[in-house]
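Student: Taking this note's numbering, I'd label the letters of the sequence shown as residues 338 to 651.
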Amino acid sequence: MPILASIGAGSARGFGEGAGVSVSAEFDYLVIAGGGAAFGSIAGGGGAGGYRTSFPGGTKIELSGGDTITVGAGGARTITSPTQAGILAGKGVDSVAGDITSAGGGTQNGDTAYGAPNASPENYAVRSGGSGAGGGHQYGWPVGAGNVPPTSPPQGNPAGPGNGTWGASGGGGAGGAGASSGSNAYSSPGGAGGSGLSNSITGSSVGRAGGGGGGAFVSSGSGGPASSGGGAGGSSPGGTGAAGTANTGGGGGGGSGDSPSPGPTNNGGSGIVVLRLPTSDAPAGIGASPGSNTVSTSGSDTIVTFNVTGTLEL
Numbered sequence: 338m339p340i341l342a343s344i345g346a347g348s349a350r351g352f353g354e355g356a357g358v359s360v361s362a363e364f365d366y367l368v369i370a371g372g373g374a375a376f377g378s379i380a381g382g383g384g385a386g387g388y389r390t391s392f393p394g395g396t397k398i399e400l401s402g403g404d405t406i407t408v409g410a411g412g413a414r415t416i417t418s419p420t421q422a423g424i425l426a427g428k429g430v431d432s433v434a435g436d437i438t439s440a441g442g443g444t445q446n447g448d449t450a451y452g453a454p455n456a457s458p459e460n461y462a463v464r465s466g467g468s469g470a471g472g473g474h475q476y477g478w479p480v481g482a483g484n485v486p487p488t489s490p491p492q493g494n495p496a497g498p499g500n501g502t503w504g505a506s507g508g509g510g511a512g513g514a515g516a517s518s519g520s521n522a523y524s525s526p527g528g529a530g531g532s533g534l535s536n537s538i539t540g541s542s543v544g545r546a547g548g549g550g551g552g553a554f555v556s557s558g559s560g561g562p563a564s565s566g567g568g569a570g571g572s573s574p575g576g577t578g579a580a581g582t583a584n585t586g587g588g589g590g591g592g593s594g595d596s597p598s599p600g601p602t603n604n605g606g607s608g609i610v611v612l613r614l615p616t617s618d619a620p621a622g623i624g625a626s627p628g629s630n631t632v633s634t635s636g637s638d639t640i641v642t643f644n645v646t647g648t649l650e651l
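1) When you compare the CB positions of alanine 570 and glycine 590, do they come within less than 8 Å of one another, or not?
2) Out of curiosity, what's the CA-to-CA distance linking serine 637 and alanine 553?
3) Just how far apart, CA to CA, sit serine 359 and serine 537?
4) Using the Cα positions of glycine 452 and valine 611, report the straight-line distance between them to the nearest angstrom.
5) Could you check where the beta strand (DSSP E) with valine 543 kicks off and where it finishes?
6) Look up threonine 646 in the DSSP assignment and say whether it is helix, strand or coil.
7) With DSSP as the reference, please indicate the residues paired to arginine 389 in a beta bridge.
8) Taking the alpha-carbon positions, what's the asparagine 656 to glycine 628 distance?
9) Using CA atoms only, rank isn't needed, just tell me which of Pro491, Ile640, Gly402 and Ser524 is closest to glycine 510.
10) For glycine 515, which option in Gly647, Gly395, Gln445 and Leu367 has the closest C-alpha, if you only look at C-alpha atoms?
11) Whole angstroms is fine: what's the gap from glycine 442's alpha carbon to serine 525's?
12) On the criterion of 16 or more Cβ atoms from any shown chain inside 10 Å, does alanine 374 qualify as buried, or is it exposed?
13) As a quick exercise: from Val368, Gly377 and Gly386, pick the residue whose alpha carbon is nearest that of glycine 586.
14) Report buried or exposed for serine 626, applying the criterion of at least 16 other Cβ atoms within 10 angstroms of its Cβ.
15) Return the residue from the list Phe376, Gly377 and Arg389 that minimises the CA-CA distance to glycine 512.
16) Starting from isoleucine 379, trace the beta strand (DSSP E) both ways and give me its first and last residue.
17) Can you give the Cα-Cα distance for aspartate 404 and isoleucine 369, rounded to whole angstroms?
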């Protein structure tokens, strides 16, 4: 639709001395939050960041020049003590564009056999998010739910169910739930991360928001695979798993049971916000700051891509 404008007294832009104009426009959007991190040893995969889009054919959002567009960071490790029980993975950070908020992916937050501190209610709470985090080794502690808080259509999926022993389950993705781990004793594989979704809002189809793979147990177990930006789980012997890919919202992959102790925490991938509108409706000064955000074209449309938090310029 045409550019929208409201006249006020805030500036002298375009309508004479002392008269201000707030320029706005309607955009299709893709808003993906940061993925959740995964702990380093026999760990469930991190959940993908929440995935919300109007493209193609959905309800657009109205945004104004000067609006802040928030791109959520991927979850990262937090060290609360020198012991393994005090090394906690982090939940992904929300991404926001106008009235659209996508929730950060869940983290299983050190859900292994190593420490009662990790069984606290606070740590249970961060397992759910845009997509949920997988369960780690032993105890059958809860895995993360997806689409938390709920949106319609859903912004994500749950993790794979934990089996209470051996390998770890995969985190949920935007396109499907994570998979359960195997139960084959010492060769138990990790569960696969949930699938992501592909979208062509940028002009070409790109898969994003896959869940992280779960870590294998020990002695030749394979790590859970991941796709669409999620990190694969670590395989035995010694596999530490992989982080989620930046600007995909992918969940981090869990480490294997015989990875170095206490092992790394694999961060989730940061999110992304993409806005699209017909070039004929785009204000002449359309842009995005800072410089790592971009403006491009695809056919008759203009695309504004936010790789980091920044300001929409109209």
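Note that CB positions come from ideal geometry on N, CA and C, so glycine has one too.
Predicted model only: the values in this text are computed from it and were never measured.
Tutor: Taking the definition as stated:
1) Note that residue 570 corresponds to glycine in the displayed sequence, not to alanine. Contact flag set, yes.
2) Looking at the two C-alpha atoms, the distance is approximately 48 Å.
3) Roughly 30 Å separates the two Cα atoms.
4) Its pLDDT being 40, under 50, glycine 452 is placed unreliably by the model, and nothing is read from it.
5) Its beta strand (DSSP E) spans residues 543-545.
6) coil
7) Val368
8) Since the first residue of the chain shown is 338 and the last is 651, residue 656 is not available in this structure.
9) Pro491
10) With distances taken between Cα atoms, glycine 515 lies closest to Gln445.
11) 25 Å
12) buried
13) Gly386
14) exposed
15) For the set Phe376, Gly377 and Arg389, the Cα lying nearest the Cα of glycine 512 is the one of Arg389.
16) From DSSP, isoleucine 379 is part of no beta strand (DSSP E); its letter is neither H nor E.
17) 18 Å
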